[in-house]
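Asks: Have a look at the structure that comes next, please.
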Amino acid sequence: MTLPLSPTARTSLGRSPHRAVSERAQLHAFLADGLVAHVGVVVGEGAAAHPVVLPTAYAVDPEGPDEGGTLYLHGSVAARWLRAAVGATICVTVTEVDGVVTARSAFHHSMNYRSAVVIGAAREVLDADERGRALDAIVDHLVPGRAATLRPSTRKELAATIVLAVPLAEASMKARAGGPVDDPEDVAAGTWGGHLPVRRVWDAPVPDADAHGAAPADVRARVGLTPA
Numbered sequence: 000m001t002l003p004l005s006p007t008a009r010t011s012l013g014r015s016p017h018r019a020v021s022e023r024a025q026l027h028a029f030l031a032d033g034l035v036a037h038v039g040v041v042v043g044e045g046a047a048a049h050p051v052v053l054p055t056a057y058a059v060d061p062e063g064p065d066e067g068g069t070l071y072l073h074g075s076v077a078a079r080w081l082r083a084a085v086g087a088t089i090c091v092t093v094t095e096v097d098g099v100v101t102a103r104s105a106f107h108h109s110m111n112y113r114s115a116v117v118i119g120a121a122r123e124v125l126d127a128d129e130r131g132r133a134l135d136a137i138v139d140h141l142v143p144g145r146a147a148t149l150r151p152s153t154r155k156e157l158a159a160t161i162v163l164a165v166p167l168a169e170a171s172m173k174a175r176a177g178g179p180v181d182d183p184e185d186v187a188a189g190t191w192g193g194h195l196p197v198r199r200v201w202d203a204p205v206p207d208a209d210a211h212g213a214a215p216a217d218v219r220a221r222v223g224l225t226p227a
């Protein structure tokens, strides 16, 4: 049975429930489209404990081993926030801004957006096969097909990297689209209202000084160019 998108009170929407996305497939599609996740975790102990929210690359496996599928994160073993996340309940958010809503009053200005929240206990991925799949998935999330073109990671590189997995079971998603929701008297006053669409644009690849030949097919495809 497919899990509902908001199975607990922690991820059920309290405000603007009409903007909730109810289909888990839409969550998967959005997470596949996003590029940056922000991870919230508490670091430190006792009176020194405090929350931090940090941006990171990620990948999602809807068929992963965790309940509801798996969201993968990675980073340096020296990163304090990643070590603090192991076994702890963390919050991962992904947001894409699709437009700025220009209303007829300051109160009704807004943004068009897609936003997901995932809450769950992070586990360290220790199985070598799962670690390999997760690291390849994170690379391929940034540039699809890239991982297969790269040399294998060295033992030193793998030892310096920690991989975390977060279940996708406890998640929610909201989305807003369209123009402002203005008060009738503000519309009647004649002030202009509308929205300013925002979209992500990829520019042509820029080779570094030591690059040889044209950009490969995976890189060109990522930015929407035809094969060289």
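Counted the way numbering that gives the first Met the number 0 counts, the sequence shown spans residues 0 to 227. Cβ atoms here follow ideal geometry from the backbone N, Cα and C, with glycine treated the same way.
1. Is it the case that the Cβ atoms of S109 and V96 are separated by a distance below 8 Å?
2. Can you confirm whether the region 154 to 170 touches the region 64 to 74 when touching is taken to mean that 3 or more C-beta pairs between the two stretches lie within less than 8 Å?
3. Under the rule that 16 or more other beta-carbon atoms within 10 Å means buried, what is T230, buried or exposed?
4. According to DSSP, S11 sits in a beta bridge with which residue or residues?
5. Based on Cα-Cα distance, which residue from G193, V162, H140 lies nearest to H33?
6. Excluding sequence positions up to five away, which residues of its chain have a Cβ less than 6 Å from the Cβ of G214?
7. Can the beta-carbon of V59 be found less than 8 Å from the beta-carbon of L81?
8. What would DSSP say about A46, mapped onto helix, strand or coil?
9. Determine the contact status of L53 and H37, defining contact as a CB-CB distance below 8 Å.
10. What does DSSP give as the partner residue(s) for G178 in the beta ladder?
11. Considering only C-alpha positions, which residue in the set P226, L134, A164 is nearest to S152?
12. Do P143 and R221 have their C-beta atoms within less than 8 Å of each other?
13. Can you tell me which of H194, E129, A188, R9 puts its alpha carbon nearest to the alpha carbon of P179?
14. Identify whether T190 lies in helix, strand or coil by the three-state DSSP scheme.
15. Excluding the 5 residues flanking R18 on each side, which residues of the same chain have their C-beta closer than 8 Å to its C-beta?
Replies: Here's the rundown:
1. In the sequence shown, residue 109 corresponds to position 110, counting from 1. In the sequence shown, residue 96 corresponds to position 97, counting from 1. Cβ distance not < 8 Å, so S109 and V96 don't count as in contact.
2. yes
3. No answer is possible for residue 230: it lies beyond the span of the chain, which begins at 0 and ends at 227.
4. Your numbering for residue 11 matches position 12 in the sequence shown. According to DSSP, S11 bridges with nothing at all.
5. Mapped onto the sequence shown, residue 33 falls at position 34. The amino acid at residue 33 is misidentified as His; the sequence shows Gly. For G33, the nearest C-alpha among the options comes from H140.
6. Counting from 1 along the sequence shown, the entry for residue 214 is found at position 215. According to the sequence provided, residue 214 is Ala. The question's Gly does not apply to it. Only P204 meet the Cβ criterion.
7. Reading the sequence shown from its first residue, position 60 is the one you call residue 59. Reading the sequence shown from its first residue, position 82 is the one you call residue 81. Not closer than 8 Å, so no.
8. Residue 46 sits at position 47 when you count from the first residue of the sequence shown. Helix at A46.
9. In the sequence shown, the residue the question calls residue 53 occupies position 54. In the sequence shown, the residue the question calls residue 37 occupies position 38. Against a cut-off of 8 Å, the Cβ pair of H37 and L53 comes out as a contact.
10. On the sequence shown, position 179 is the one that residue 178 refers to. DSSP lists no partner for G178.
11. Position 153 of the sequence shown, counting from 1, holds the residue named residue 152. Checked all of P226, L134, A164; the closest Cα to S152 is L134.
12. Here residue 143 refers to the residue found at position 144 when the sequence shown is read from its first residue. Here residue 221 refers to the residue found at position 222 when the sequence shown is read from its first residue. Yes, they are a contact pair.
13. As a first step, residue 179 is located in the sequence shown; it is residue number 180 there, counting from the start. Residue H194 is the option with its Cα nearest to P179.
14. Counted from its first residue, the sequence shown places residue 190 at position 191. Correct three-state label for T190: coil.
15. To locate residue 18, count along the sequence shown from 1; it is residue 19. Excluding positions up to five away in sequence, the list reads L12, K173, A174, R175.
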